[in-house]
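Quick note, this note's numbering runs 149 ahead of the 1-based positions in the sequence shown.
Reading through the structure tokens given below for one structure.
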Amino acid sequence: MPEERVLIAGAGPVGLVAAARLVRQGIPVTVLEAGSALGTESRASTFHPPTLDMLHELGAADPLRAQGLEAPEVQYRSKAEGLIAQFDFRDIGDLTAHPYRVQTEQSKLTRILLEQLERDPNFEIEFGSALEGMEQDETGVRVTLRRGEDRQIRTGRFLIGADGARSATRRAANIEFEGFTWPERFLVLSTPFDFKDVIPDLVSVNYVADPQHWHFLLRIPHLWRVMFPIGPDTSDDTALDPAFGQSLMARVVPGITHYEIVHTTLYRVHQRVAKQFRVGRVFLAGDAAHINNPLGGMGMNGGIHDAINLSDRLAQVWAGQAGENSLDLYDRQRRTVTMESVQTQTIQNKRDLEAADPAAQAEFRDRLRATSADPAKTREFLKRISMVASLHRAAALN
Ligand SMILES: Cc1cc2nc3c(=O)[nH]c(=O)nc-3n(C[C@H](O)[C@H](O)[C@H](O)COP(=O)(O)OP(=O)(O)OC[C@H]3O[C@@H](n4cnc5c(N)ncnc54)[C@H](O)[C@@H]3O)c2cc1C
Numbered sequence: 150m151p152e153e154r155v156l157i158a159g160a161g162p163v164g165l166v167a168a169a170r171l172v173r174q175g176i177p178v179t180v181l182e183a184g185s186a187l188g189t190e191s192r193a194s195t196f197h198p199p200t201l202d203m204l205h206e207l208g209a210a211d212p213l214r215a216q217g218l219e220a221p222e223v224q225y226r227s228k229a230e231g232l233i234a235q236f237d238f239r240d241i242g243d244l245t246a247h248p249y250r251v252q253t254e255q256s257k258l259t260r261i262l263l264e265q266l267e268r269d270p271n272f273e274i275e276f277g278s279a280l281e282g283m284e285q286d287e288t289g290v291r292v293t294l295r296r297g298e299d300r301q302i303r304t305g306r307f308l309i310g311a312d313g314a315r316s317a318t319r320r321a322a323n324i325e326f327e328g329f330t331w332p333e334r335f336l337v338l339s340t341p342f343d344f345k346d347v348i349p350d351l352v353s354v355n356y357v358a359d360p361q362h363w364h365f366l367l368r369i370p371h372l373w374r375v376m377f378p379i380g381p382d383t384s385d386d387t388a389l390d391p392a393f394g395q396s397l398m399a400r401v402v403p404g405i406t407h408y409e410i411v412h413t414t415l416y417r418v419h420q421r422v423a424k425q426f427r428v429g430r431v432f433l434a435g436d437a438a439h440i441n442n443p444l445g446g447m448g449m450n451g452g453i454h455d456a457i458n459l460s461d462r463l464a465q466v467w468a469g470q471a472g473e474n475s476l477d478l479y480d481r482q483r484r485t486v487t488m489e490s491v492q493t494q495t496i497q498n499k500r501d502l503e504a505a506d507p508a509a510q511a512e513f514r515d516r517l518r519a520t521s522a523d524p525a526k527t528r529e530f531l532k533r534i535s536m537v538a539s540l541h542r543a544a545a546l547n
């Protein structure tokens, strides 16, 4: 018989949110993490309003806010014309207790969650344990782990694969990861230089359109992150050369030609969605299930929404309040909104910022200005970019 627990592969934000939600409902959880400690890389840095509402229920929103910046406003700019439109999440303050984005690194959240989880007797975590394979039958799941030179087995009633974009769970379950890879890579440079000193009307989240040099400017505590697309003609070595980074930064504010750079990240960007989010007792969540470009900050947030949806469904089955066939709704709801909202919106965001055709640029500017001039359209827009709309849409699917 399998152990009466849920196994979770991966201690990223998605795996640990799922763990926190399950143990709060009295369900024993083991998290299996390949790394020897939590990740520290500079990656996602935006927590959207409804995600903060979910984290609040886990006791994690206030500590996260204490280590982040509240960003109620978002700006869209064009490099040629400056500010196009500004939006304020306080205009949907009736739909969320957190009418702002919190800007801070995802590694802050994983540390907050782990510290809380370690106090819960239902929680265990095994670092240095990489899932290599799994098999399942009608009673449970049997996972093969690599721990150093050893191979070990763990069993549980269900397995959540929250093991990131290269998910071994997804491979073991033989699930296709359909989609495409953008030709550009994305280069993120972080600087302590305060752009507000030279662009006083800037807010903490700014997307800047330009056919060649589109970028975003995002503020996190003590730093600004600037992201640029890197075309296929530029090698990784060139893109990572500090002089090349400085040449890109020099285009952001005329007259400023040198910045202190404290982090550089270069990564390849994909739009891919797993063909299924559930196979029997095995589920995919977060990057294991879907990946997208970072324009709009929807990847990690969507993954956290997966984790909450799935954990609550598993808890109902655990308590005997729902049958196992109810778990299909996880796939239906989360996969549908991933395709309809997250993939569509992030692809559109990139197309809008990089538009080269003057008619497409004008259409983008006119659309944004018409939206910001109309309160009803502004609310619909804010619901979409905050991901409130995708959660409403998921809840309506049955
Ligand atoms: C370089 C980079 C930069 C990014 N920048 C941004 C950004 O600027 N904005 C944005 O919105 N998003 C960004 N993202 C995406 C964002 O980081 C992810 O959406 C988010 O981390 C997803 O969380 P997750 O928990 O699903 O997966 P992850 O955070 O990837 O966590 C997966 C965990 O699983 C572990 N693991 C992997 N394989 C195994 C295994 N076989 N067994 C057990 N454990 C395993 C890993 O060690 C890791 O701890 C970036 C991603 C990368 C790679």
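Heads up, the beta-carbon is just placed ideally off N, CA and C, and yes, glycines get one too.
Report task. Flag residue 376 as yes when its Cβ comes closer than 8 Å to any non-hydrogen atom of ligand 1, and as no otherwise. Result -> yes
Query raised in the report: Less than 8 Å between the CB of residue 279 and some heavy atom of ligand 1, yes or no?
Result: yes
Report task. Report yes if the CB atom of residue 200 is closer than 9 Å to the CB atom of residue 441, and no otherwise. Result -> no
Query raised in the report: Hey, would you say residue 193 sits closer than 9 Å to residue 443, going by beta carbons?
Result: yes
Query raised in the report: Rounded C-beta distance between residue 327 and residue 424? I'm assuming under 8 Å.
Result: 6 Å
Query raised in the report: To which residues of the same chain is residue 308 closer than 8 Å at the C-beta, ignoring the five residues directly before and after it?
Result: 155, 156, 157, 158, 283, 285, 290, 292, 318, 430, 431 and 432
Query raised in the report: So, do the stretch 324 to 341 and the stretch 394 to 408 have three or more beta carbon pairs nearer to each other than 8 Å?
Result: yes
Query raised in the report: So does residue 487 have its beta carbon nearer than 8 Å to some heavy atom of ligand 1?
Result: no
Requested in this report: Find the nearest neighbour of residue 541 within the set 487, 497 and 526, judged by alpha-carbon distance.
Outcome: 487
**Report entry** Secondary structure of residue 389, DSSP reduced to three states
**Finding:** helix
Query raised in the report: Contact check, residue 534 vs residue 445 under 8 Å by CB: the rounded distance?
Result: 6 Å
Query raised in the report: Rounded to whole angstroms, how far is the Cβ of residue 363 from the Cβ of residue 206, which I believe are closer than 8 Å?
Result: That pair is no contact at about 37 Å.
Query raised in the report: Hey, how far is the Cα of residue 418 from the Cα of residue 163?
Result: 19 Å
Report task. Sort out for me which residues DSSP pairs residue 183 with in a bridge. Result -> DSSP, once it has assigned bridges, lists no residue as partnering residue 183.
**Report entry** Segment contact, 8 Å Cβ cut-off, at least three pairs: the stretch 347 to 361 with the stretch 220 to 231
**Finding:** yes
Query raised in the report: In angstroms, rounded to a whole number, what distance separates the CA positions of residue 373 and residue 344?
Result: 8 Å
Report task. Please confirm whether residue 510 and residue 360 have their CB atoms less than 9 Å apart. Result -> yes
Query raised in the report: Would DSSP call residue 507 helix, strand or coil?
Result: helix
Query raised in the report: How would you call residue 195, buried or exposed, if buried means at least 16 neighbouring beta carbons within 10 angstroms?
Result: buried
Query raised in the report: On the three-state DSSP scale, how would you describe residue 457?
Result: helix
Query raised in the report: Is residue 254 buried or exposed, if buried means 16 or more other CB atoms sit within 10 Å of its CB?
Result: buried
Query raised in the report: At which residues does the beta strand (DSSP E) containing residue 332 begin and terminate?
Result: 326 to 340
Query raised in the report: Mind checking residue 384: buried by the 16 CB within 10 Å criterion, or exposed?
Result: exposed
Query raised in the report: When DSSP builds the beta bridges, which residues end up paired with residue 158?
Result: 181 and 310
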